[in-house]
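**Student:**
Numbering (the numbering used here), first residue to last: 41 to 88.
(1) For the alpha helix (DSSP H) containing residue 87, list its first residue and its last residue.
(2) Can you find the residues in the same chain that come closer than 6 Å, C-beta to C-beta, to residue 49, ignoring five residues on each side of it along the sequence?
(3) So which of 84, 87 and 74 has the shortest CA-CA distance to residue 61?
(4) Grouping DSSP H, G and I as helix and E and B as strand, with all else coil, what is residue 14?
(5) When the distance is taken between beta carbons, is residue 44 closer than 8 Å to residue 63?
So, in structure tokens, the structure goes:
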């Protein structure tokens, strides 16, 4: 939809991936962020 934004990127200064989410409400943002964190953790686990 058109009601939010997502940014997922590797940190340039720390060994971590930043997940930033904007949504129409906090509950949606937290749900989307949690799902993205699961995907990132799964991908990084598969890469190691």
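Every residue gets a Cβ at the ideal spot worked out from N, C-alpha and C, and that includes glycine. Since the structure is predicted, the reported quantities are computational estimates derived from the model, not experimental observations.
**Tutor:** This is what the structure holds:
(1) Where residue 87 is concerned, the enclosing alpha helix (DSSP H) stretches over 66-87.
(2) Here the set comprises 58.
(3) It is 74 whose Cα lies nearest to the Cα of residue 61.
(4) Given that the chain is displayed from residue 41 to residue 88, the structure contains no residue 14 and the question cannot be resolved.
(5) With contacts defined by Cβ atoms closer than 8 Å, residue 63 and residue 44 form a contacting pair.
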